[in-house]
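Counting along the sequence shown from 1, when you hit position 127 you're at 126 in numbering that gives the first Met the number 0, and nothing is skipped either side.
Even for Gly, the Cβ is constructed at its ideal location relative to N, Cα and C.
Since we're looking at a predicted model, the values are computed, not measured.
First the structure, in the form of structure tokens, and then the observations on it.
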Amino acid sequence: MGKINMRSFIQEIIADKKRVAIPIMTHPGIEMNGNSVRDAVTDGEVHFRAIQTLNQRYPSAAATVIMDLTVEAEAFGAEIIFPKHEVPSVVGRLITDEAGIEALQVPELDKGRVGEYLKANRLAAETITDRPVLAGCIGPYSLAGRLYDMSEIMMLIYINPDAANLLLQKCTDFILSYCRALKETGVAGVVIAEPAAGLLSNEDCQQFSSIFVKEIIDAVQDDTFAVILHNCGNMGQCTPAMVYTGAAGYHFGNNIDMTVAMKEIPADALGLGNLDPVAVFKQGSAESIKRDALQLLADMEPYPNFVLSSGCDTPPEVPAENIDAFFEALKTYNDSRA
């Protein structure tokens, strides 16, 4: 099968009065296959099989990979810890001063687990041909925060914006080379996760995140490769900065009012979100998730470009009946519009 035309895919979603869902979800597939999170984030084959299992079971409009925001930091040399049943995390700071920023080398794509993630995406793109496969990567500001420390980077952009910009450009250069490699695997797009930029004002988000994200989007986005910008830190203040990037879609977390967010998104771009991955998906009941999903769908009635999703990557140990209820709510809503 040839590459999916993502421009047409998005236009069809907007034109169809029935809604689709694209939850950011891999962990349930890992669990269904009897693997640990550690297995999946270190072995591209295990990761791929989790994506495939979910793809066979659920009617998501696109397949997604794990939102693991440590892969790129590890490639730069950051220390990572790998709990068995939780997503990995960065330990400590890789860089502590301006000299460290200047000395920092942009890594090649053979570092850390980058190769395993490229493998997972390649296998998914080769095997899943009935719907788009969306890769994932971190955004430049969030990566800079993981290398330099999140609170320290927020101070650096005010104290020494030149040093901050140098670090951000190095992060961008690496993410761009990674996105080009992801595109070569045959996937139909990438979700760029930039949650740390949600802590900034709109002006700072524009200057220290969106300008760099736009550089990546301008280089890789085309008819067969769509970029979705995810920012679950955004409380609503930096949606205009997100839209500045020109992404094909914008994915929001659960601490934003989707009715406000959707007003700011171009009518030809997708707006995705935003059921709470913990409180709704993991801790809620099948009844409550169905109710919450139906309510969100009702609220989104005026916005044809809305796509039902989780507010972020669904965590480990989400009950299967809750995922079933999420898709049942979608079916109930669509049946009512037939």
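(message) Rounded to the nearest angstrom, what separates Gly135 and Asn164 at their Cα positions?
(response) The alpha-carbon atoms of Gly135 and Asn164 are separated by roughly 23 Å.
(request) Answer yes or no: do Met66 and Asp312 have a C-beta to C-beta separation smaller than 8 Å? (result) Here Met66 is near Asp312, since their CB atoms are less than 8 Å apart.
(message) Please report the straight-line C-alpha distance between Ser339 and Thr331, rounded to a whole angstrom.
(response) The shown model of the chain, from 0 to 337, leaves out residue 339, and the question about it has no answer.
(message) Buried or exposed, going by whether 16 or more other CB atoms sit within 10 Å of the CB of Lys182?
(response) Residue burial is scored here from C-beta neighbours: Lys182 has at least 16 other C-beta atoms within 10 angstroms and is therefore classed as buried.
(message) At the level of alpha carbons, what is the spacing between Ile158 and Thr52?
(response) Approximately 48 Å between the Cα atoms of the pair.
(request) Please report how far the alpha carbon of Met31 lies from the alpha carbon of Asp129, in whole angstroms. (result) Cα to Cα, Met31 sits roughly 21 Å from Asp129.
(message) Within 10 Å of its beta-carbon, does Glu71 have 16 or more other beta-carbons around it, so buried, or fewer, so exposed?
(response) Result: buried.
(request) Decide if Gly138 is buried, meaning its Cβ has at least 16 other Cβ atoms within 10 Å, or exposed. (result) Label assigned to Gly138: buried.
(request) Indicate the three-state DSSP secondary structure (helix, strand or coil) for Cys237 in the structure shown. (result) It is coil, neither helix nor strand.
(request) Please check the pair Pro265 and Gly188, which I expect to be a contact at CB under 8 Å, by giving their CB distance rounded to whole angstroms. (result) Beta-carbon to beta-carbon, Pro265 and Gly188 are separated by about 17 Å, too far to satisfy the 8 Å threshold.
(message) On the criterion of 16 or more Cβ atoms from any shown chain inside 10 Å, does Met0 qualify as buried, or is it exposed?
(response) Low confidence applies here, because Met0 scores a pLDDT of 47, under 50, leaving its location unreliable; read the following figure in that light. By the 16-neighbour rule on beta-carbons within 10 angstroms, Met0 is exposed.
(request) Look at the alpha carbon of Tyr302 and the alpha carbon of Lys17, and state the distance between them as a whole number of angstroms. (result) Roughly 12 Å between the two C-alpha positions.
(request) Can you grab the Cα-Cα spacing for the pair Ile119 / Ala39, in whole Å? (result) The amino acid at residue 119 is misidentified as Ile; the sequence shows Ala. Whole-angstrom Cα-Cα distance: 9 Å.
(message) Rounded to the nearest angstrom, what separates Leu307 and Ser88 at their Cα positions?
(response) For Leu307 and Ser88, the distance between alpha carbons rounds to 28 Å.
(request) Using three-state DSSP, classify Thr126 as helix, strand or coil. (result) The three-state reading of DSSP puts Thr126 in helix, counting H, G and I together.
(message) Only counting the same chain, and skipping five residues up and downstream in sequence, which positions put a Cβ closer than 7 Å to that of Met338?
(response) Any question about residue 338 goes unanswered here, given that the chain covers just 0 to 337.
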